[in-house]
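To start, the structure itself, in structure tokens.
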Amino acid sequence: MSGQMELVSARTVHGPDPVPNLAAADRIVFSNSGGKDSIVAMDEGVRLADAAGVRDRIVVLHIDLGRTPRGHSVEWPDTADLARRQADHYGLPFAVRRMAKWPSLFHRIRARGQFPHLMTRFCTSEKRAVAHRFITEQVNALGVIGRPARIVHVMGFRAEESRARARRPAIEVDRRASNGRRTVTQWYPVLRWSTAEVWQRIRERGLPYHWAYDAGMSRLSCSLCVLASVPDLTCAAGLRPELAREYADLEEEMGVPFRRELSMAEVIRRTGGAA
Numbered sequence: 001m002s003g004q005m006e007l008v009s010a011r012t013v014h015g016p017d018p019v020p021n022l023a024a025a026d027r028i029v030f031s032n033s034g035g036k037d038s039i040v041a042m043d044e045g046v047r048l049a050d051a052a053g054v055r056d057r058i059v060v061l062h063i064d065l066g067r068t069p070r071g072h073s074v075e076w077p078d079t080a081d082l083a084r085r086q087a088d089h090y091g092l093p094f095a096v097r098r099m100a101k102w103p104s105l106f107h108r109i110r111a112r113g114q115f116p117h118l119m120t121r122f123c124t125s126e127k128r129a130v131a132h133r134f135i136t137e138q139v140n141a142l143g144v145i146g147r148p149a150r151i152v153h154v155m156g157f158r159a160e161e162s163r164a165r166a167r168r169p170a171i172e173v174d175r176r177a178s179n180g181r182r183t184v185t186q187w188y189p190v191l192r193w194s195t196a197e198v199w200q201r202i203r204e205r206g207l208p209y210h211w212a213y214d215a216g217m218s219r220l221s222c223s224l225c226v227l228a229s230v231p232d233l234t235c236a237a238g239l240r241p242e243l244a245r246e247y248a249d250l251e252e253e254m255g256v257p258f259r260r261e262l263s264m265a266e267v268i269r270r271t272g273g274a275a
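Just so we're aligned: 37 in my numbering is position 37 of the sequence shown, and the numbers increase by one with no gaps anywhere.
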């Protein structure tokens, strides 16, 4: 019964969301984190791009968040390889980009002297900057003359994930990324999908997904994300104890906790490890 209730998603109640004019797009950029929502957004986006006859205008971008000073990936291991395989699944060109100034998000946190939190999500700002630079590369390569290049930027945001995302329209102009040379339209193909619907599409289409979900994670994101649920943090710290230890040491070095109400040292204790 609960599974049936989950399948009554916002899109079931409100009907299908609008789709941008893909035939008019000069380039369609899929931002792919390797997570479940990204691959389903890609699957749905490719389906609609095929209907418009413009699959050849798609490129897939993965933003690699780098490695810590001790050599641990900030993302889950194998995420970039998975994102490449997901692009290969559709025969799409694939690119990886990283932050220009910092070797990793960990280094960025250390330089700032604090962890991101809900009101200062500088981790998101760093990823957005990488995506905007990549879009600039695409516009330069297109060489459109006489009008702004038309870019559609596709992301796997879902309304269930946060109140802020629930307030978003499925299509919106990214005014921070748009300028006289380009108009960037943000598109969220799975915005109104439920978690159950996402997994149903993955199973039905045999889409490649990350092993961390089978290990107990509900979301992918960074392995240790400040916005993750406590069960996800505890699960991740148990699966990646050395990375958790490095974050705990960073807490001690900076004199600030991982989250205001929850330190990484406490997360490690909850896994049964030594803090």
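Beta carbons are placed, not taken as given, at the ideal position from N, Cα and C, and that holds for glycine.
Inter-residue Cα distance where the pair is residue i and residue j
i: Glu160; j: Arg270; result: 27 Å
i: Pro231; j: Met217; result: 8 Å
i: Gly146; j: Ser178; result: 16 Å
i: Ala131; j: Val29; result: 9 Å
i: Arg85; j: Trp76; result: 15 Å
i: Arg167; j: Tyr188; result: 12 Å
i: Met99; j: Leu48; result: 31 Å
i: Val54; j: Leu92; result: 12 Å
Three-state secondary structure assigned by DSSP to residue i
i: Gly66; result: strand
i: Ile151; result: strand
i: Ile268; result: helix
i: Val54; result: coil
i: Glu197; result: helix
i: Ile28; result: strand
i: Leu227; result: coil
i: Arg259; result: strand
i: Leu22; result: helix
i: Arg163; result: helix
i: Ser218; result: coil
i: Arg158; result: coil
i: Ser276; result: Given that the chain is displayed from residue 1 to residue 275, the structure contains no residue 276 and the question cannot be resolved.
Residues of its chain near residue i, where Cβ-Cβ distance is below 7 Å and the 5 sequence neighbours each way are ignored
i: Val190; result: Asp37, Val40, Ala41, Glu44, Gly156, Arg158, Val198
i: Glu242; result: His72
Cutoff 6 Å; reference residue i; Cβ partners in own chain excluding five residues on either side
i: Ala87; result: Val60, Phe94
For residue i: DSSP bridge partner residues
i: Thr277; result: It is not possible to answer for residue 277, since the shown part of the chain is limited to 1 through 275.
Residue i Cβ short of 8 Å to the ligand GDP heavy atom set
i: Tyr209; result: Ligands in the displayed structure: none, and consequently the ligand GDP is not present.
Ordered list of alpha helix (DSSP H) runs contained in the region 82-134, each at least 4 residues:
105-112
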